[in-house]
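Chemist: Submitted below is the structure of interest, expressed as structure tokens.
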Amino acid sequence: MKTNIVFATGNEHKMQEIREILAGLPVEVLSLKEAEISADVNENGTTFEENAVIKAKAAAEQTDAIVLADDSGLEIDYLNREPGIYSARYMGEDTSYEVKNKELLRRLEGVPKEKRTARFVCAVAAVFPDGETLVRRGVIEGYIGEKPAGENGFGYDPIFYLEEYRCSTAELSREKKNALSHRGRALRAVREELEKRIQGV
């Protein structure tokens, strides 16, 4: 029996990344819109993991497919790990990331590089048709640069720099970003479990 995977997001940038990382699985990966699911979710968890599970379970109530959901964000140590779990809602959900990035850079003005440490965190939750839930976390460490750079990413990518590559995550190729990213790491960990499950479906 073939099953599908529904990823609980409406973000097309994210869906492109997810499909690339899950490529090769013998299933179709659908967005909420493609699966005709409307999940109005109150993300009231206190961790990335809790919010990912809340989103996945809300969508799972409306489908027999395997449901995945993620919650991810940027933690900046100097700003007490802000914006953290509020990354998507920082300064308001309808505020552009260009404005959000400018504000974070303003708050870090004059702060030396060694104190601008930051990380991207992603928790991916999977809810299976039998109700079993699993969660995996991926993290990538870096720092906040002095200015935005790059066109290949979205969200906070243009201000998040990787020491090893001396560039922002928005300057990496898509393949390199998928290999390194927090979402890529969390998704690959979940993918291992999916492969076991799908073989038995």
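Heads up: the sequence shown at position 15 corresponds to 17 in my numbering, and the numbers run straight through without jumps. Note that the Cβ used here is the ideal one computed from N, Cα and C, for glycine as well.
Compare the C-beta of Arg-118 with all C-beta atoms of chain D and state if any pair is closer than 8 angstroms.
Modeler: The displayed structure is made up of one protein chain only, and chain D is not part of it.
Chemist: Whole-angstrom Cβ separation of Ala-127 and Ala-58, contact assumed at under 8 angstroms?
Modeler: Start at 1 with the first residue of the sequence shown, and residue 127 comes out as number 125. Start at 1 with the first residue of the sequence shown, and residue 58 comes out as number 56. Indeed, because the Cβ distance is near 4 angstroms, the residues count as touching under 8 angstroms.
Chemist: Could you have a look at Thr-97 and say whether DSSP puts it in helix, strand or coil?
Modeler: As a position in the sequence shown, residue 97 is number 95, starting the count at 1. Of the three classes helix, strand and coil, the one that applies to Thr-97 here is coil, per DSSP.
Chemist: For Pro-114 and Glu-95, what's the separation of their Cα atoms in angstroms?
Modeler: Locating residue 114 in the sequence shown gives position 112, where the first residue counts as 1. Locating residue 95 in the sequence shown gives position 93, where the first residue counts as 1. If you take the alpha carbons of Pro-114 and Glu-95, they lie about 29 angstroms apart.
Chemist: Answer with buried or exposed for His-1, where buried requires no fewer than 16 other C-beta atoms within 10 angstroms of its C-beta.
Modeler: An answer regarding residue 1 cannot be provided, because it is not within the stretch 3 to 203 covered by the chain.
Chemist: Check for me: the beta strand (DSSP E) holding Glu-77 runs from which residue to which?
Modeler: One-based indexing of the sequence shown puts residue 77 at position 75. Here the beta strand (DSSP E) through Glu-77 covers 68–78.
Chemist: Which of the three DSSP states is assigned to Phe-1 in this structure?
Modeler: No information on residue 1 is available, as it lies outside the stretch 3 to 203 that the chain covers here.
Chemist: Using 8 angstroms as the cut-off, can you tell me whether the stretch 10–30 makes contact with the stretch 161–172, which would need three or more C-beta pairs spanning the two stretches below that distance?
Modeler: Verdict: no, contact absent.
Chemist: Quick one: complete beta strand (DSSP E) runs, 3+ long, within the stretch 130–190?
Modeler: If we require 3 residues or more, the beta strand (DSSP E) runs fully inside the stretch 130–190 come out as 135–146, 162–164.
Chemist: Rounded to the nearest angstrom, how far is the Cβ of Tyr-152 from that of Arg-121, given a contact under 8 angstroms?
Modeler: Numbered from 1 along the sequence shown, position 150 holds the residue referred to as residue 152. Numbered from 1 along the sequence shown, position 119 holds the residue referred to as residue 121. Residue identity differs from the one stated: residue 152 is Gly in this sequence, not Tyr. Incorrect: roughly 18 angstroms between the Cβ atoms, too far for contact.
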